[in-house]
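Student: Handing you this structure, nothing more for now.
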Amino acid sequence: MAMGGVPRRGHGRRRAPMAEINVTPLVDVMLVLLIIFMVTAPLLVAGVPVNLPDSRAKPLEQQQKPVQLSLDRSGKVFIDDAEVPMAALPDRLAAIPHAGTDAPQIYLRADRSLDWGRVAQVMGELSRAGLTKISLVTNGGPDKP
197 MAMGGVPRRG HGRRRAPMAE INVTPLVDVM LVLLIIFMVT APLLVAGVPV
247 NLPDSRAKPL EQQQKPVQLS LDRSGKVFID DAEVPMAALP DRLAAIPHAG
297 TDAPQIYLRA DRSLDWGRVA QVMGELSRAG LTKISLVTNG GPDKP
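One rule links them: number in the working numbering = place in the sequence shown (from 1) + 196.
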């Protein structure tokens with residue numbers, strides 16, 4: 197008796213299906229995408245470079261997109277990414293829709309080297325415009341007692 201398999205009639209030996217998948221191209225593409233996201237993610241966070249102070253406060257949870265008001269090192273004021281002269285700030289703040297409970301959240305980002313009087317002046321303009329839901333944005337600092 198022979199130990200080999202008996203060939204089928206007229207078909208000869210069939211090839212076994214290939215059960216391996218070459219994952220090298222998939223890994224290459226995924227690594228390239230990972231590098232792209234790692235490089236671009238920090239650029240998407242904020243358009244105005246501000247050196248924020250440290251804080252141990254927890255982040256706020258929001259349902260709607262907040263308005264970002266930034267003060268850079270030189271004291272220039274930005275609403276989102278657009279520079280606003282201090283003289284035009286009251287008019288621009290009045291143009292932000294704010295009705296009762298639907299008032300937008302204001303994220304105030306101020307450079308740590310900036311004079312506190314300048315920050316207080318901008319906060320006064322926010323309050324005068326009726327925008328009272330103000331959050332000061334800081335860096336998540338180290339946990340110190």
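For each residue, glycine too, the CB sits at the ideal point set by N, CA and C.
This structure is a prediction, so every number in the text was calculated from the model and none was measured.
Compute the Euclidean distance between the alpha carbons of Met197 and Arg209, then round it to the nearest angstrom.
Tutor: The sequence position of residue 197 within the sequence shown is 1, counting from 1. The sequence position of residue 209 within the sequence shown is 13, counting from 1. Residue placement at Met197 is poorly supported in this model, since its pLDDT is 49, which falls under 50; the coordinates still yield a value, given next. Taking the CA atoms as reference points, Met197 sits about 19 Å from Arg209.
Student: Helix, strand or coil for Ala316 per DSSP?
Tutor: Residue 316 sits at position 120 when you count from the first residue of the sequence shown. Three-state DSSP puts Ala316 in a helix.
Student: For Leu332, which of helix, strand or coil comes out of DSSP?
Tutor: For the purposes of this step, residue 332 is taken as residue 136 along the sequence shown, with counting starting at 1. Note: Leu332 maps to strand in three-state DSSP.
Student: Just how far apart, CA to CA, sit Ile330 and Ser309?
Tutor: For this step, residue 330 is matched to residue 134 along the sequence shown. For this step, residue 309 is matched to residue 113 along the sequence shown. Each residue's alpha carbon lies about 20 Å from the other.
Student: What residues in its chain sit with their C-beta under 8 Å from that of Pro286, if we drop five residues either side in the sequence?
Tutor: Along the sequence shown, one-based indexing puts residue 286 at 90. Excluding sequence neighbours, Pro286 sits near Glu321, Arg324 and Ala325.
Student: Is the number of C-beta pairs between the region 265 to 273 and the region 220 to 234 that are closer than 8 Å three or more?
Tutor: no
Student: As a quick exercise: from Glu216, Leu230 and Leu327, pick the residue whose alpha carbon is nearest that of Ile302.
Tutor: Here residue 302 corresponds to residue number 106 of the sequence shown, with the count starting at 1. Closest by alpha carbon: Leu327.
Student: Return helix, strand or coil for Ile217, following the three-state DSSP convention.
Tutor: As a position in the sequence shown, residue 217 is number 21, starting the count at 1. In this structure, Ile217 counts as coil in the three-state DSSP scheme.
Student: Alpha carbon to alpha carbon, how far is Pro238 from Asn218? Give it in angstroms, no decimals.
Tutor: Within the sequence shown, residue 218 is the residue found at index 22, counting from 1. Within the sequence shown, residue 238 is the residue found at index 42, counting from 1. Taking the straight line joining both Cα atoms gives about 33 Å.
Student: Measure the beta-carbon distance from Pro262 to Asn335 and round it to whole angstroms, keeping in mind my assumption that it falls under 8 Å.
Tutor: Numbered from its first residue, the sequence shown carries residue 262 at position 66. Numbered from its first residue, the sequence shown carries residue 335 at position 139. Distance from Pro262 to Asn335 at the Cβ level is roughly 17 Å; contact not present, criterion being Cβ atoms closer than 8 Å.
Student: Between Gln264 and the rest of its own chain, which residues show a CB-CB distance below 6 Å, the 5 nearest in sequence each way excluded?
Tutor: Translated into positions along the sequence shown, residue 264 becomes position 68. Around Gln264: Asp276 and Tyr303.
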